[in-house]
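Step one of this worksheet: look at the structure below.
Residue numbers (this note's numbering): 81 to 280.
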């Protein structure tokens, strides 16, 4: 009887889950993981602690869903963004992505990634799969475009890994120093790696 009552309530408020998840994602992007708990999130979202627990059984479950949403939103942008789809080369694609990533709202994802990497380094069982997912999100589009330009699969994989490592490092530098001109110049050297004709 009690289970039926809980199930009925969950179904009744089921439509709120996407709205709550979207708001929670913005909260986590703004505040990070840190010592975040459900009560401050619930307060910021204007709902009760019980409401969040009804939709997300624990803090870890909510954070997992937040990271999955960030992943899904990124994949959706790759599929639907007209400018990215129109990029006529890997270099053009990487430049567009870099420009977007330098926007403050987008940089929040890197701050979150660096925080997650720090946590995972201390406890590999927490978040390891999610770190891999975030890395692969960026690797695959660059690797696929290099393949379309005739790069052999092993070379495309190596180059996309190098480009991603440079982008992550330069984003960390930019977040810490705000020296956009210097970082942009370094980024252009990275673009040269994929724009230069390959020697066969």
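We put the beta carbon where it would ideally sit given N, CA and C, even for glycine.
Touching or not, the region 106 to 114 and the region 180 to 193, by the rule of three or more beta carbon pairs under 8 Å?
When C-beta atoms of the region 106 to 114 are compared with those of the region 180 to 193, three or more pairs fall below 8 Å, so the two segments count as touching.
Report all residues from its chain with a CB closer than 8 Å to the CB of residue 186; omit the five preceding and five following residues, and keep chain order.
Along the chain shown, read from residue 1 onward, the residue named residue 186 stands at position 106. Correct list, in chain order: 180.
Cβ atoms of residue 156 and residue 176: under 9 Å apart, would you say?
By 1-based counting over the chain shown, the position of residue 176 is 96. By 1-based counting over the chain shown, the position of residue 156 is 76. For residue 176 and residue 156, no; Cβs fall outside 9 Å.
Would you give the residue range spanned by the alpha helix (DSSP H) that residue 241 belongs to?
In the chain shown, residue 241 corresponds to position 161, counting from 1. For residue 241, the enclosing alpha helix (DSSP H) covers residues 233 to 257.
Flag this pair as yes or no: are the beta carbons of residue 253 and residue 266 separated by less than 9 Å?
Here residue 253 corresponds to residue number 173 of the chain shown, with the count starting at 1. Here residue 266 corresponds to residue number 186 of the chain shown, with the count starting at 1. Their beta carbons are under 9 Å apart, which means residue 253 touches residue 266 by this criterion.
Check each candidate in 138, 229, 236, 98 and name the one with the smallest Cα separation from residue 168.
Residue mapping note: residue 168 aligns to position 88 of the chain shown, counting from 1. Out of 138, 229, 236, 98, 229 has the C-alpha closest to the C-alpha of residue 168.
Beta-carbon within less than 6 Å of residue 275's beta-carbon, same chain only, minus the 5 sequence neighbours each way: which residues are those?
Within the chain shown, residue 275 is the residue found at index 195, counting from 1. Annotation for residue 275: 171 place their beta carbon closer than 6 Å to its own, counting only its chain and skipping 5 residues before and after.
Run through DSSP, which three-state label would residue 186 get?
The count along the chain shown starts at 1 and reaches residue 186 at position 106. DSSP places residue 186 within a helical segment (H, G or I) once states are collapsed to three.
Nearest to residue 152 by CA position, among 216, 195, 122, is which residue?
In the chain shown, counting from the first residue as 1, residue 152 sits at position 72. Nearest option by C-alpha distance: 216.
Considering only the beta carbon of each residue, do residue 149 and residue 102 sit closer than 9 Å?
For the purposes of this step, residue 149 is taken as the residue at position 69 of the chain shown. For the purposes of this step, residue 102 is taken as the residue at position 22 of the chain shown. When the beta-carbon positions are compared, residue 149 and residue 102 come within less than 9 Å of each other.
Residue 230, DSSP secondary structure in three states
In the chain shown, residue 230 corresponds to position 150, counting from 1. DSSP places residue 230 outside both helix and strand once states are collapsed to three, so it counts as coil.
Any idea what DSSP makes of residue 83, helix, strand or coil?
For the purposes of this step, residue 83 is identified with residue 3 of the chain shown, where counting begins at 1. Here residue 83 scores only 40 on pLDDT, less than 50, and its place in the model is too uncertain to base an answer on.
Report the three-state DSSP secondary structure of residue 191 (helix, strand or coil).
Working through the chain shown from its first residue, we reach residue 191 at position 111. Residue 191: helix per DSSP, three-state reduction.
Can you give me the C-alpha to C-alpha distance between residue 289 and residue 198, rounded to a whole angstrom?
Past the edges of the chain, shown from 81 to 280, lies residue 289, and the structure says nothing about it.
Sorted by chain position, which residues of the same chain lie with C-beta nearer than 7 Å to residue 117's C-beta, five sequence neighbours on each side aside?
In the chain shown, counting from the first residue as 1, residue 117 sits at position 37. Apart from sequence neighbours up to five positions away, the residues of its chain that approach residue 117 with a beta-carbon distance below 7 Å are 139, ordered along the chain.
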